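Chains as they are written, first to last, in our numbering: chain A, 1 to 140; chain B, 141 to 239. Glycine included, C-beta positions come from ideal geometry on N, C-alpha and C. Model, not experiment: these values are computed from the prediction.
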Amino acid sequence: MKTGLQAVIHRFPMKETPDLPLSKTMDEGEIREDEAILRESLQEIRDQNMEFAVAFLRRDPFRGTKKDRWILTFTEADVEPLLKITNNVRIGCWAKMGYPEDIHAIPESPELREAFYLMYVCGVFQEAVIEAPENQEEGG
Amino acid sequence: MSQTITVPGIIETEKEKTAELLDKGYVVICWNDPVNLMTFVTLVFQRIFGWPKPKAEKHMLEVHHKGKSILVQESREKAEHYVHQLQSYQLTATMEKVS
Chain A
1 MKTGLQAVIH
11 RFPMKETPDL
21 PLSKTMDEGE
31 IREDEAILRE
41 SLQEIRDQNM
51 EFAVAFLRRD
61 PFRGTKKDRW
71 ILTFTEADVE
81 PLLKITNNVR
91 IGCWAKMGYP
101 EDIHAIPESP
111 ELREAFYLMY
121 VCGVFQEAVI
131 EAPENQEEGG
Chain B
141 MSQTITVPGI
151 IETEKEKTAE
161 LLDKGYVVIC
171 WNDPVNLMTF
181 VTLVFQRIFG
191 WPKPKAEKHM
201 LEVHHKGKSI
211 LVQESREKAE
221 HYVHQLQSYQ
231 LTATMEKVS
């Protein structure tokens, strides 16, 4: 899990991750300026998350245990950037595989298989963060 | 002798623009895709909108089963803000004018 998460963070941001439109129905001319602002805003967030990623790896939040398992320690402040980074990579891997409807089908080619497993690791880590006690409501 | 000419049309346009910005005439929609985890989508809704988990799950399930969910209806400025937030998590979210 440690090397998997490190691999995910090292791949951020993925160029394959697509830009999404601001609107599906509004007139292009009407929202051109707003689209540009959206792109700038998302790039700023990616830049901030890149700084976070470098700092996160540098502080090495992994700690080994006697049974050769790793414990990852992170704070509440780490949750948002970690989720954004892992989902950028997850979506980028999905895009690299050609946006398959069936995300459980293992691709044939070695390159796409790497993307598949990276996408899987992102999901595993996201679930772990989401399941963390601090992110649970009572009875939830 | 010079005269001052008042052009009320310009003032009217500014008022209309302000009204448009404040008017809750836009919806924020989250669209379905096969890749975002359901638990992830739920948590993102909770974080962005401050919703309790049951409400966030209800909208997530609407996205999953119906292909989309209208999350909020807001002014243009607020709707754009929410789309920015949702897309920063790579959720497929857009804003649309209410017809």
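For K84/A, the closest Cβ of chain B is nearer than 7 Å. The three-state reading of DSSP puts A196/B in helix, counting H, G and I together.
DSSP, reduced to helix, strand and coil, places K15/A outside both helices and strands of the structure shown, so it counts as coil. The residues F185, in chain order, have a CB closer than 7 Å to that of W191/B in the same chain once the five nearest residues on each side in sequence are set aside. Cβ-Cβ separation between K208/B and C170/B: approximately 7 Å, consistent with a contact (criterion under 8 Å). At least one CB atom of chain A sits nearer than 7 Å to the CB of Q227/B.
Residue contact check for V167/B against chain A: no CB pair falls below 7 Å. In summary, the residues of the stretch 210–237 of chain B whose CB is separated from some CB of chain A by less than 8 Å are E220, V223, H224, Q227, S228, Y229, Q230, T232, A233, T234, M235, E236, K237, in the order they occur in the chain. The secondary-structure analysis by DSSP pairs K208/B across a beta bridge with W171/B.
Straight-line spacing of the CA atoms in L22/A and M50/A works out to 23 Å. Contact annotation for L20/A against chain B: Q227, T232 [CB-CB distance below 7 Å, chain order].
The continuous beta strand (DSSP E) containing A233/B extends over residues 233–237.
Of all residues in the stretch 22–39 of chain A, only L22, S23, K24, T25, M26, D34, L38 come within less than 7 Å of chain B when Cβ atoms are compared, listed by chain position. In terms of beta-carbon proximity, F189/B stays away from the interface with chain A, with every pair separated by 7 Å or more. In the structure shown, F62/A falls within a strand segment according to DSSP collapsed to helix, strand and coil. DSSP assignment within the stretch 54–123 of chain A yields the following whole beta strand (DSSP E) runs of 3 residues or more, N-terminal first: 62–64, 70–72. Counting C-beta atoms within 10 angstroms of its own C-beta, M178/B has fewer than 16 neighbours from the protein chains shown and is therefore classed as exposed. E214/B has Y166/B as its beta-bridge partners, per DSSP.
No residue range can be given for M26/A, since it is assigned to no alpha helix (DSSP H) and is classified by DSSP as neither H nor E. Scanning H221/B, Q227/B, L231/B for the CA closest to the CA of Y166/B turns up H221/B. Only buried fits T182/B, as 16 or more other CB atoms lie within 10 angstroms of its CB.
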